[in-house]
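K.L.:
I have a structure I would like to understand better, so I am pasting it below and will then ask my questions one at a time.
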Ligand code: URA
């Protein structure tokens, strides 16, 4: 598992602003910080992808350089992932993308396990591809797992890179227990726990609402 804030970097400032109640209600800034963390995590993930030597024509002759062998497929879990996904796609210029609409059923009683519903999927063929599955909050891990189950209708990927801004240990464990496809979890920060409503503690609140406003 890769945890970005285990090493001090400018990313800590972006994460701090996402969580800070005196800053996080500035929606444009909230979205921008998610995008910036997405960009940094895309850079980190890129280091783990296969590269091979290629020749390019420079102004003063041929240059041999290592370039990515192929582009990953980026899958965004709507709606909260939109700005975070933008950061990832900013760096993987030529990647194909897919979109999944996942939401928490709001009917459960306080403390009941969350139920995730999917109501939309538009994704390319993912057979033998490296997938980057993007959702800023890895809380229970259920929306990630449900998204993966639906994605498998479009082929079996070679690897899945699971990318979040903030993760909870419960979600990390859920994925480790249930995902048989080779994968790695990448996160900005690994927080303490989930509360009885399955929100990440300390977390940042509701990422979708902070980015786009409350929904009814
Ligand atoms: N989704 C959020 O937006 N926040 C959490 O803490 C958990 C899931």
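In this note's numbering, the protein residues as written are 26 to 241.
Using N, Cα and C, we set each Cβ at its ideal position, and we do this for glycine too.
Identify the residues that DSSP records as bridge partners of residue 121: which are they?
P.N.:
Residue 121 is bridged to 98.
K.L.:
For residue 170, verify whether its CB is less than 8 Å away from any heavy atom of the ligand URA.
P.N.:
No, Cβ of residue 170 sits at least 8 Å from all heavy atoms of the ligand URA.
K.L.:
Do residue 162 and the ligand URA come close, with the Cβ less than 8 Å from some heavy atom?
P.N.:
Result yes, Cβ under 8 Å from the ligand URA.
K.L.:
Do residue 79 and residue 89 count as a contact pair if the criterion is CB distance below 9 Å?
P.N.:
Closer than 9 Å, so yes.
K.L.:
Under 8 Å from any heavy atom of the ligand URA, does the C-beta of residue 63 make it?
P.N.:
No.
K.L.:
Tell me whether residue 166, by its Cβ, gets closer than 8 Å to a heavy atom of the ligand URA.
P.N.:
No, the Cβ of residue 166 stays beyond 8 Å of every heavy atom of the ligand URA.
K.L.:
What does a CB cutoff of less than 6 Å around residue 140 pick up in its chain, not counting 5 residues either side in sequence?
P.N.:
Closer than 6 Å at the Cβ level, and outside the excluded window around residue 140, lie 130.
K.L.:
Quick check on DSSP: helix, strand or coil for residue 28?
P.N.:
Looking at residue 28 - three-state DSSP - the assignment turns out to be strand.
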